[in-house]
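Quick note, the sequences are listed as chains S and C, same order. Numbered by my numbering, the letters in the first sequence go through residues 1 to 494 in order. Numbered by my numbering, the letters in the second sequence go through residues 1001 to 1468 in order. Backbone N, C-alpha and C define an ideal beta-carbon position, used for all residues, glycine too. The next block holds one structure in the form of structure tokens; read it before the comments.
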Amino acid sequence: MNLLLLLILIPVVALLISVFVNAEKVKSVILLCAIAELILCFELLREFMMERAAGNNSPYLFEIVYPWFKTWNINFHAGVDGISVSMLLLTALVTVAAILVSWKMEDKPREFFMMLMLLTLGAIGFFISMDLIMAFFFLELSVVPKFLLIAHWGSGRKVYSATKLALMLMAGSSLILVGTLLLFSKSNGSFDITVLQSLHLDGETQRLIFPLMFLGFGVFTALFPFHIWVPDGHSSAPTAGSMFLAGISMKLGGYGCIRFAAILLPEGTQYYSTAIILLATIAIVYGAFATLMQKDIKYINAYSSISHCGFVLLGIGMMNQTALTGAVLQMISHGLMTALFFGAIGMIYSRVHTRDVRELGGLLKIMPFIGSVYIIVGLCSLGLPGLSGFVAEMTVFMGAWQMPGTFNKVATILACASIVVTAVYILQAVAKVMLGPIKDEHFLTLTDAAWYERSASWLLMLAIIIMGVLPMWLAQMISHDTAPMAVKLLTLNS
Amino acid sequence: MNISDWLPLRFEIALAVFILLQLVIKIFDLVRNNETWLRLNIALTFLIVLLGFTSNDSGSPFGGMFVSTSFIIIEKTILAFATMLVLMQSYNWLKHHQHAPEFFMLLLTALFGMFLILSANNILLFYLGLEMATIPVAALANFDLDKQRSSEAGMKMILSSAFSSGMLLFGISIFYGITGTLTISSWQELLRPGGLEVLALIFIMAGFGFKISLVPFHLWTADVYEGSPVSITAFLSVVSKGAVSFALARFLFSGVIMMQEVWIEILFLLSIVTMTVGNLFAIRQTNIKRFLAFSTVAQAGYILLGLAGDPVNAPTSVVYFILVYMFSNLAALGVVEAVSFATGKENLDDYKGLYNSNKKLAIVLMLALFSLAGIPPTAGFFGKLFLFTSGIHSASLVWLLFASLNLVVSLYYYMRLVRMMFSEKNEQPLASIQSPMLSRIALIICSVGILFTGIFGGLYDYLHQLAK
């Protein structure tokens, strides 16, 4: 059976089983399903690399096509390239970790775990879609789970945040819908990206459709000024919800920007590249400075996500192979790192019941494991060599620096400089929360991470370290597919 | 005429026989028990649904006054099916009603009128059908005999429909004056955009606008929906609206196709106003029936977007959407009916915590709301999607953007209700509701429809084949 089909079917079956089994057992079913997905993703990776090693250079592998709505030429068309495979791996890893972290969920556990799996299903379906309507279907699938996860299991101003998030993301999708339909009508009726990619739409059409698609997906990946759902959404969500939102959901946007906006509309990308770079740089710098001012550890990570996702958009805006590869690497790195970050914050919060930096202190002595995780992931966030953040950001910078022109250079320098600010806020947070004197007597009674929290942390930490130490295989796999994109985007220049 | 000439009329003949049969049963007082009456009527409507699956032969008896094609047969089958579901859901309410037999006769007469609208190729026959479809429903809106609200609803309904019929007739008379014929299909060659033609078209569109409650002709909708018994609200919002939408599609594409550039503009204006006003007003409602009334107003705006397509895809997408919308709205109103009958509560606030007290009803209502909001994997997603894909044929970018941003507004209020049911606590939680078997079956049919009509793609392709 085709691996991609299995990737879709397993969550569907698991969801159906979860409806009928005892509420206590749902989490086991869902965890098993997530582990199966993870194994499948590794198997997919192995087979994918073998195919590539054997010299199979077709742009998409493991393709399957089933007709869905013949009248409109809508197909269930799945296929993967190096970018999709790495995103699938990220999704599977974060899913397992998120389920493990929320192992002790007691409030409506059946619904909670089903929502998590529905989110995963949406993300996996989206990453393998090669038909715009299919992609849109899977993108929209996650609206309800995201909304309810925050509105029901969240904390703080949860209803406000959930509504804001759902409406902004829906507004993004509605732009995507209009863009998709325009593409359909300009391309003699096709939603298939292999067909659309080979079309040569005229410049005016591309310039019309590109903003719709790019802004639509941009909302998902916190494109400035549409980032305002990010801080509230991330910080109100339950731990697993934040891990999903920042780890996977924002990546849907970045992936969509590359796959469905930049590649389908190269002339549009080029026309708007200055604007993309400008907005990305603003997001990077503004995000970093905004983080400096935060007092809530969850807000710190949420704002820093805006800054980090700016690198993804910067890489896309720079359009060359290295920058695009960097953008994808940054998506993976940020996904792993931020999921772990939110996971660690969730573990801290569930023990001390406050997220205010000023009330925390000396936690490393009490909970050495959680503390170490927090510090390691912090170092990854500020770009310490040997961890994934360094690899990704460095690649983006190198790509960006290759681009000629004062504007590009200035943008690159500003983006680089923001790393310093990152170091300031990360080190500040780590110092205040983990080191120093113990602020509160009752902290002494707290316990360190339980087995499920440890395994979730180890999983993501290993991924970060492996990606930091051995990045070449991943970078090569991705750059194999970003090379033709860059050629397409840059040759139009002349 | 031999037998086979009568075959295209089989729906109408069967329905007329059923209505008269009931009259006879009533006169001789053969059935005294309301439940038996109800079962009998469900069986009869089911027979009509089955008729839709017999031979699909088309024809036009009576010198072309009456047309039947396989596409029209499907439309009639959908309406009959919806009527059957409405009857199944009204079990509780009708069980002790003193005038149940009249209820069934009026309901079936209205359905008969709708069948005439769909098949009429003569504008007078069309008008006759339209009146026959409206006046009985006005009487039905008044069927909660001891409630003042219900009489008010009946009165509003009859006045507004009389007014709209007047507008429609005025437009029709101008068209008749221009073309000298009452046959709709022969208007095609005779009507070209011109001052008088446009004036007449505007009047006719206003007439249609009243019947499917487009803004600014929607003012009766919320009051009538709120005052009527829930079954009649369901019938009005699904069957009546569906029938008139089908008729509008046929009128636009067979009667006045040559004036397309004019009516596209009219549709554009009506559509964006309808969607926006419907959605914005829905946000402010506190009564669930009024809430659903405004949501159906907003849905009508999307139907108009679908009509901006080509002559094959526009009717197909509208029929598909109505089918999906039938499942969604009947599911929602079925739950409202169950809650309202058991507790008498109809406010949105009463639905807080429904997920904790009545899990199954809450899940059905949530599915219905997801489908109305157009969220995958429910059928509503595909229904709306195909209206959009159909509309891309001639809709402007502004129209598409308006329509898609309206999806965001509607998401807000649908999700709000979902959240209230799912996570809020109610100080006076509803008691656990036991609904009768028939209503439960109807809700299950609706839920299955919501979940599966969309994701299994063959249905749309089948309709498309028929529409060609």
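_Contact check, L329(S) vs I464(S), beta carbons under 8 Å_ = Contact flag unset, no.
TODO: Could you confirm whether any beta carbon from chain C is found closer than 8 Å to the beta carbon of F244(S)?
DONE: F244(S) does not count as touching chain C.
- Query: If you run the structure through DSSP and keep just helix, strand and coil, what is H1464(C)?
  - Reply: DSSP places H1464(C) in helix when its eight states are reduced to three.
Problem set entry | Counted within 10 angstroms of its Cβ, other Cβ atoms place S1207(C) as buried (16 or more) or exposed | Note on residue identity: the sequence assigns Gly, not Ser, to residue 1207(C). Only buried fits G1207(C), as 16 or more other CB atoms lie within 10 angstroms of its CB.
Q. Taking Cβ to Cβ, would you say S350(S) is nearer than 8 Å to S236(S)?
A. Against a cut-off of 8 Å, the Cβ pair of S236(S) and S350(S) comes out as no contact.
*asked:* Is there a Cβ of chain B sitting closer than 8 Å to that of E140(S), yes or no?
replied: Note that chain B does not occur in the displayed structure, where the protein chains are S and C.
Exercise. Can you say whether S494(S) is buried or exposed, counting buried as having 16 or more other CB atoms within 10 angstroms of its CB?
Key: The pLDDT assigned to S494(S) is 42, lower than 50, so where the model puts this residue is not dependable; a value taken from the coordinates is nonetheless given after this. Flag for S494(S) reads exposed.
R46(S), buried or exposed, once every other Cβ within 10 Å from all chains shown has been counted against 16
Counting Cβ neighbours within 10 Å, R46(S) comes out exposed, since fewer than 16 surround it.
- request: Note the first and the last residue of the continuous beta strand (DSSP E) segment covering H308(S).
  value: No beta strand (DSSP E) contains H308(S), which is instead part of the alpha helix (DSSP H) from I297 to M318.
Grouping DSSP H, G and I as helix and E and B as strand, with all else coil, what is S494(S)? Because S494(S) carries a pLDDT of 42, less than 50, the predicted location of this residue cannot be relied on, and the following value inherits that uncertainty. Of the three classes helix, strand and coil, the one that applies to S494(S) here is coil, per DSSP.
>> So, for L1219(C): in the same chain, excluding its five sequence neighbours on each side, which residues have a beta-carbon less than 8 Å away from its beta-carbon?
In response: Beyond the five residues adjoining it in sequence on each side, L1219(C) comes within less than 8 Å, by CB distance, of S1160 in the same chain, given in chain order.
Simplified DSSP assignment, three categories, for G436(S)
Coil.
For H77(S), the first and last residue of its enclosing beta strand (DSSP E): Unbroken beta strand (DSSP E) run through H77(S): I74 to V80.
Can you give the Cα-Cα distance for V469(S) and L199(S), rounded to whole angstroms?
The alpha-carbon of V469(S) is positioned some 40 Å away from that of L199(S).
Which first and last residues belong to the beta strand (DSSP E) in which E63(S) is found?
Where E63(S) is concerned, the enclosing beta strand (DSSP E) stretches over L61 to F69.
> Looking only at its own chain, which residues have a Cβ that is under 6 Å from the Cβ of G1278(C), when we skip the five neighbours before and after it?
Replying inline: Taken in chain order, the residues that qualify are F1294, V1297 and A1298.
**OP:** Kindly list the residues whose CB is nearer than 6 Å to the CB of I1172(C), restricted to its own chain and excluding five residues on each side of it in sequence; keep chain order.
**Re:** Excluding residues up to 5 positions away in sequence, I1123 lie with their Cβ nearer than 6 Å to the Cβ of I1172(C) in the same chain.
**Study point:** CB contact below 8 Å: S1371(C) versus chain S
**Key:** Residue-level contact by beta carbon fails for S1371(C) and chain S, as no gap is shorter than 8 Å.
Short-range partners of chain C found in the stretch 159-181 of chain S, where Cβ spacing is below 8 Å = Here the close residues are V159, A162, T163, A166, L167, M170, A171, S174, L175, L177, V178 and L181.
>> Does any residue of chain S have a CB that is nearer than 8 Å to the CB of P1377(C)?
In response: Yes - at least one Cβ of chain S is within 8 Å of the one on P1377(C).
Checklist entry - Can you tell which of G1449(C), T1109(C), A1100(C) and V1067(C) has the C-alpha that lies nearest to the C-alpha of L1020(C)? => result That would be T1109(C), whose Cα lies nearest to the Cα of L1020(C).
task = For A1120(C), name the three-state secondary structure that DSSP assigns.
result = A1120(C) falls in the strand class under three-state DSSP.
key: K25(S) versus D440(S), S307(S), M105(S) and M434(S), residue with shortest Cα-Cα distance   = It is M105(S).
CA-to-CA distance, S190(S) to A78(S), given in whole angstroms = Each residue's Cα considered, the two are about 15 Å apart.
Worksheet entry | Straight-line Cα distance separating S1151(C) from F113(S) | Between F113(S) and S1151(C), the C-alpha separation is close to 49 Å.
Proximity winner among G1391(C), A1080(C) and A1234(C), relative to E1265(C) (alpha-carbon distances):
Among G1391(C), A1080(C) and A1234(C), the Cα nearest to that of E1265(C) is on G1391(C).
* Asked: Which class does N56(S) belong to by DSSP, given the choice of helix, strand or coil?
  -> Reduced to three states, the DSSP call for N56(S) is coil.
Under three-state DSSP, which class holds T221(S)?
Here T221(S) carries a coil assignment [DSSP, helix/strand/coil].
**Message:** Within the continuous alpha helix (DSSP H) that includes F1291(C), where are the two ends?
**Reply:** From DSSP, the alpha helix (DSSP H) with F1291(C) extends over I1288 to L1307.
The alpha helix (DSSP H) that contains R1416(C), what's its start and end? In the DSSP assignment, R1416(C) falls within the alpha helix (DSSP H) that extends over L1397 to S1423.
Own chain, CB closer than 6 Å to F1327(C), minus 5 neighbours either side, in chain order | Contacts found: C1446, G1449 and I1450.
message: Pop quiz: K298(S) and R355(S) are said to be a contact at Cβ under 8 Å. What is the actual Cβ separation, rounded to whole angstroms?
response: About 5 Å separates the Cβ atoms of K298(S) and R355(S), confirming a contact at the 8 Å cut-off.
Cutting at 6 Å between CB atoms, please list the residues of its own chain near F1382(C), excluding the five before and the five after it.
The beta carbon of F1382(C) sits closer than 6 Å to those of G1454, all from its chain and outside the five residues before and after it, given in chain order.
*asked:* Which residue wins for smallest C-alpha separation from H1555(C), given the options I1078(C), F1143(C) and T1134(C)?
replied: With chain C covering only 1001 through 1468, there is no way to say anything about residue 1555(C).
Original post:
Is it the case that the Cβ atoms of V1137(C) and F1018(C) are separated by a distance below 8 Å?
Top reply: Against a cut-off of 8 Å, the Cβ pair of F1018(C) and V1137(C) comes out as no contact.
Next on the checklist: Please report the distance separating the alpha-carbon of A246(S) from that of R259(S).
Outcome noted: If you draw a straight line from the Cα of A246(S) to the Cα of R259(S), it is about 20 Å long.
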